[in-house]
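**Student:** To convert, take the position in the sequence shown, counting from 1, and add 347; that gives our numbering.
Every residue, glycine too, gets a C-beta built ideally from N, C-alpha and C.
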Amino acid sequence: MFTIFLILIVAVAFLLVVVIMVQNPKGGGLSSSFGGGGTQQLGGVKKTGDFLDKSTWFLGTALIVLILASNLTIPSDNNIDSKALDEKEAVEMPASTPASTEDAGTTDGTGN
Numbered sequence: 348m349f350t351i352f353l354i355l356i357v358a359v360a361f362l363l364v365v366v367i368m369v370q371n372p373k374g375g376g377l378s379s380s381f382g383g384g385g386t387q388q389l390g391g392v393k394k395t396g397d398f399l400d401k402s403t404w405f406l407g408t409a410l411i412v413l414i415l416a417s418n419l420t421i422p423s424d425n426n427i428d429s430k431a432l433d434e435k436e437a438v439e440m441p442a443s444t445p446a447s448t449e450d451a452g453t454t455d456g457t458g459n
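Shown next, in the form of C-alpha cells:
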C-alpha cells in the first residue's frame, strides 16, 4: 500500500512542477504562448491562468494529503533490529587518565 502512495506522490509532485513552470504571474510565461498570445487559448479555454492557479492549489493540497496518508500506511514492526540501540554489542571505551606529574618533571615551574 505504501508503494502505491509513493508512486502517486512522485506523479503529483512531477505534475505540480510542470504546472508551476508553465505559469508566470506577469503574463509572459509559457501560458501566454499557448494559442497566439491571448486571443485564443489552448483548447478554447479563455482563462488559462485561472486553470493553472486552481490546478496548482489542487495539486499542492493533494500532495500534502498523500504524504500524510502515506505516513499511516508505513508498516510499523515493533521488532525492528537496530545495531545502534543494541546493548549487547556496546563497546566500552576505557577512560583516559591524565598524565601523571612525575612523568612531566617538577611542578613548581622552575624546571629543577
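Would you be able to state if there are at least three C-beta pairs under 8 Å between the segment 354-369 and the segment 407-417?
**Tutor:** Output reads yes: the segment 354-369 touches the segment 407-417.
**Student:** Met348 and Thr420 - do their beta-carbons sit closer together than 8 Å?
**Tutor:** Yes, the pair counts as a contact, with Cβ atoms nearer than the cut-off.
**Student:** Give me the Cβ distance between Leu353 and Ser417, rounded to the nearest whole Å; I'm assuming they're in contact under 8 Å.
**Tutor:** Rounded, the Cβ-Cβ distance is 7 Å, consistent with contact.
**Student:** Along the chain, where does the alpha helix (DSSP H) containing Ser423 start, and where does it finish?
**Tutor:** Segment: none, Ser423 is in no alpha helix (DSSP H) and carries neither H nor E.
**Student:** Is Val364 helix, strand or coil by DSSP?
**Tutor:** Val364 falls in the helix class under three-state DSSP.
**Student:** Can you grab the Cα-Cα spacing for the pair Ile351 / Val359, in whole Å?
**Tutor:** In a straight line, the C-alpha of Ile351 is about 12 Å away from that of Val359.
**Student:** DSSP three-state label for Thr395, please.
**Tutor:** DSSP places Thr395 in helix when its eight states are reduced to three.
**Student:** Using the beta-carbon count (16 or more within 10 Å), is Leu415 buried or exposed?
**Tutor:** When all chains shown are included, Leu415 counts as exposed.
**Student:** Where Leu355 and Pro422 are concerned, what is the direct C-alpha to C-alpha distance, given to the nearest angstrom?
**Tutor:** Whole-angstrom Cα-Cα distance: 18 Å.
**Student:** Reducing DSSP to helix, strand and coil, say where Thr444 ends up.
**Tutor:** The answer is coil: DSSP assigns Thr444 none of H, G, I, E or B.
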